[in-house]
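Numbering (the numbering used here), first residue to last: 414 to 720. Worksheet: the structure to be examined is printed underneath.
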């Protein structure tokens, strides 16, 4: 699995390799592969990574990023000077290891620290997901062998599902113990334990974590239903931050698509511009008359003669 030794790297990819070893490295590779395959959208797939992203690749070789998607973080409970979730803030190692490091657009190494500190960084980066590696490193006093154990946790930074709350743990991997993995690999019939855990977290991203906890990959939008349109009309007419002209066009589109009734359309207009103006607009059969009503409601600029 690889235990930390020497000075921690300053760039993002190096931090993952240094603190999490093979588990983190394989996880990052699989995540990048799915991004480059377009699992998170064709636009993000084709988005070129800037040369300064700290991803170890030369200029012009950037991979597609995922705007506002996963962040990664490393913490090391049990290592002097470094804190994991619930412990002191990250310190030690590379001087800049606490600052976010870009891997590609939207894929960021958040650094070292406790869960709350890292979650704040993830929100500041507008990320949707946060992966935290909790790494414990111990050295045997008898054999002087260094053994580390890594656990990967997935958090939803935004609201990932109807039954989930922001900051809730969505997935926790099995503990990846270096000695245990070595022993498991001696049994050739068993599937590689690192590959198994990486595949498990990728399945969560692609298939979801159960009822109400949807997947995080891009999929086709479901067809708009009348109840969805009516919920939207109710929401925008009750909002304190209305954009009346834009919202009038929106509910007019719902009516044209036959997602709301004539009465629902009329009630929506009254909620946006008031009953009197709505009645005048509904009775207007000429374009100029409709423009006059909208201009009177200060939704259109008043026209003046040319000088």
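Glycine included, C-beta positions come from ideal geometry on N, C-alpha and C.
- In the structure shown, residue 563 falls within a strand segment according to DSSP collapsed to helix, strand and coil.
- Here the C-alpha atom of residue 455 lies approximately 43 angstroms from the C-alpha atom of residue 687.
- The beta-carbon separation of residue 545 and residue 425, rounded to 15 angstroms, does not stay under the 8 angstroms limit for a contact.
- The three-state secondary structure of residue 610, taken from DSSP, is helix.
- The three-state reading of DSSP puts residue 456 in helix, counting H, G and I together.
- Each residue's CA atom was taken as its position, placing residue 675 and residue 668 some 7 angstroms apart.
- If you check the CB distance, residue 591 and residue 560 come in under 7 angstroms.
- Around the beta carbon of residue 558, fewer than 16 other beta carbons lie within 10 angstroms, which makes this residue exposed.
- Under the 10 Å beta carbon count, residue 635 is surrounded by fewer than 16 other beta carbons and is classified as exposed.
- Straight across, the Cα-Cα distance linking residue 520 with residue 543 is about 10 angstroms.
- The Cβ atoms of residue 428 and residue 522 sit closer than 7 angstroms to each other.
- Within the same chain, 564, 565, 610, 613 and 614 come within 7 angstroms of residue 586 by CB-CB distance, once the 5 residues on both sides are set aside.
- Judged by DSSP in its simplified three-state form, residue 546 adopts strand.
- Rounded to the nearest angstrom, the gap between the Cα atoms of residue 706 and residue 640 is 30 angstroms.
- A distance of 7 angstroms or more separates the beta carbons of residue 646 and residue 621.
- Listed as beta-bridge partners of residue 589 by DSSP are 563.
- Membership of residue 514 in the beta strand (DSSP E) is indicated by the continuous run 514–517.
- The C-alpha of residue 689 lies about 8 angstroms from the C-alpha of residue 683.
- Collapsing the DSSP output to three states places residue 524 in a strand.
- In the three-state reduction of the DSSP assignment, residue 584 falls in the strand class, which pools E and B.
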